[in-house]
Every structure is written in structure tokens, then in C-alpha cells.
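Structure, as C-alpha cells:
And the structure:
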């Protein structure tokens, strides 16, 4: 295994761990972002 392949594998494992760790809060985070974007859009149209 070349160093590049090893780095890619380590990176993929770290990304997978991060996704699994963050998965429970992702729906709440997406809802929060959607509300913020909607508020910004509505406020932008009112100006």
C-alpha cells in the first residue's frame, strides 16, 4: 500500500466517523439552516 492510498483510507475512515457522529443532529441542523435561509429570503423581499 502506497502512502497516498493509506492517506486516502485514513481520510475516508475519519469522514465516516464524523458522519456517523453527526448523523443524529443533522436533521435539526438542516431544519435550522432551512429556517434561516427562509427568514433571510423573506426579509430580503420585504426591503
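Numbering (the working numbering), first residue to last: 24 to 70. From the three backbone atoms N, C-alpha and C, an ideal C-beta is built for every residue, glycine too.
Where do the N-terminal and C-terminal ends of the alpha helix (DSSP H) with residue i fall, by residue?
i	result
residue 48	Element bounds for residue 48: n/a, residue is neither H nor E.
CA-CA distance, residue i and residue j?
i	j	result
residue 51	residue 63	18 Å
residue 45	residue 37	12 Å
residue 40	residue 33	11 Å
residue 31	residue 24	11 Å
residue 69	residue 42	37 Å
residue 58	residue 65	10 Å
residue 49	residue 55	10 Å
With 8 Å as the threshold, decide whether the Cβ of residue i is near any Cβ in chain D.
i	result
residue 67	As a matter of chain content, chain D is missing from the structure shown, which is built from one protein chain.
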